[in-house]
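Input: a single structure, listed below in structure tokens.
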Amino acid sequence: MKIQFIDRKSGNLITETPPGEGFLKLLYHNPFGKMALLPIVKRKFLSAYYGKLMDKPNSVTKIDDFVKELDINMNEAEKSIEKYTSFNDFFYRKLKRGARPIENGFVSPGDGKMLAFENIADINNFFVKGRKFTLKEFLADDILAEKHENSSLIILRLAPNDYHRYHFPFKGIPSKMTKIKGSYFSVSPYALASNFTKVFCENKREYCILSSQEKGDIIVAPVGATMVGTIISTYQKEQPVKKGDEMGYFAFGGSTIVLIIDKNKLKIDADILKNTKNHIETFVKMGEKIGV
């Protein structure tokens, strides 16, 4: 399975090699891995344990090699490598002011590879394997799911080398977070290709409703993954936020943000929709316009 994405800035088609690629293939495409290893890896205790290791002071020794191996641009970071107190402190690092300009329109909540579906029903044609995806399962709320059954859905996948803080895509007033307990399946393309519904409807996830005059109610949902022990919210509920204001961050690992919005309130940019229809993700950065 070749994982490719379009770098939106350059227009280049890039092949991605996820960290631990061989292990991911074993977990999701090998019968032994599925039966023997996957039930262990998805468990909370493993992600929580690894998260604690990444909080220890001696974990800073991993930072330099991680930066070099994944070619992370530390010129954007608020602090230099030697000033981080743990690996997690580095992993959810803040960026310098101005490193992510906030553009006009509706913007990406974070850095990562994006898929966009004008109609939620289109997801089941894209991820053909496994059981059908439903909002009722994902949101664990029948009324909210019914309200958004014809909405658009956007998936932003954050790889380990990406900036792991996420922000509000539009101005509005956010609700408190609704938390849904779950497992910790990987959100890599290897996992999504064969287990999309399992990943999104069984993983630990949270969501808030961002109420906006122009765009209506927008659901913003961070989803945890393997080795992501923590989803931390940093905003104040029921207090007005501006587009680009910080919402929260993920601790170590890959992770995902899901946006659900009335399809009549948002026109998603054509290039992102085209790439999605071609089964290719689009790399975007936080604050970059993705629709109007």
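No gaps in the numbering here: position 57 of the sequence shown is 56 in numbering that gives the first Met the number 0, and each next residue is one more. The C-beta atom is built at its ideal place from N, Cα and C for all residues, glycine as well. These figures come from a predicted structure and were not determined experimentally.
Could you name the residues of the same chain whose beta carbon sits closer than 8 Å to that of residue i, not counting the 5 residues immediately before and after it, in chain order?
i      : result
Leu265 : Phe105, Ser151, Lys214, Gly290 and Val291
Ser85  : Met53, Asp54, Lys55, Pro56, Ser58 and Val59
Asp244 : His166, Phe167 and Tyr234
Could you work out which residue in the options is closest to residue i when comparing CA atoms only?
i      : options                          : result
Ile5   : Met285, Ile271 and Glu75         : Ile271
Glu136 : Ile62, Gln238, Glu75 and Lys180  : Lys180
Phe162 : Lys82, Pro108, Leu12 and Ala269  : A small correction: the amino acid at residue 162 is Tyr; Phe does not occupy that position in the sequence shown. Here the closest residue by C-alpha is Pro108.
Tyr248 : Ile259, Asp261 and Ser232        : Ser232
Tyr165 : Asn123, Lys67, Tyr234 and Thr16  : Tyr234
Arg96  : Val257, Asn277, Asn74 and Ile218 : Asn74
Gln212 : Phe282, Ala250 and Ile260        : Ile260
Leu138 : Pro221, Ile62 and Asn103         : Pro221
Ile230 : Pro239, Cys207 and Ile217        : Cys207
Once the 5 residues before and after residue i are set aside, which same chain residues still bring their CB inside 7 Å of it?
i      : result
Arg294 : The structure shown has nothing for residue 294, since the chain only spans 0 to 291.
Asn124 : none
Pull the bridge partners of residue i from the DSSP assignment, please.
i      : result
Gln3   : Thr14
His166 : Glu245
Thr229 : The partner list for Thr229 (beta bridge, DSSP) is empty, contrary to what the question assumes.
Arg204 : Ile179 and Val222
Ile267 : Gly290
Pro108 : Answer by DSSP bridge pairing: none, since Pro108 is not bridged.
Phe116 : Leu152
Ala76  : Leu94
Can you give the beta carbon distance from residue i to residue j, rounded, assuming they're within the 8 Å contact cut?
i      : j      : result
Ser178 : Glu205 : Before going on, a small fix: residue 178 reads as Lys here, not Ser. Contact flag correct, Cβ pair sits at about 5 Å.
Thr255 : Ile119 : At roughly 16 Å, the Cβ-Cβ gap does not stay under 8 Å, so Thr255 and Ile119 are not in contact.
Gly223 : Arg156 : 13 Å between Cβ atoms; not a contact.
Lys288 : Glu102 : 4 Å
Asn87  : Lys262 : The pair is not a contact, with the Cβ atoms about 37 Å apart (cut-off 8 Å).
Taking 6 Å as the limit between beta carbons, can you name the residues of its chain near residue i, skipping five residues before and five after?
i      : result
Lys170 : Lys241 and Lys242
Arg92  : Ala76
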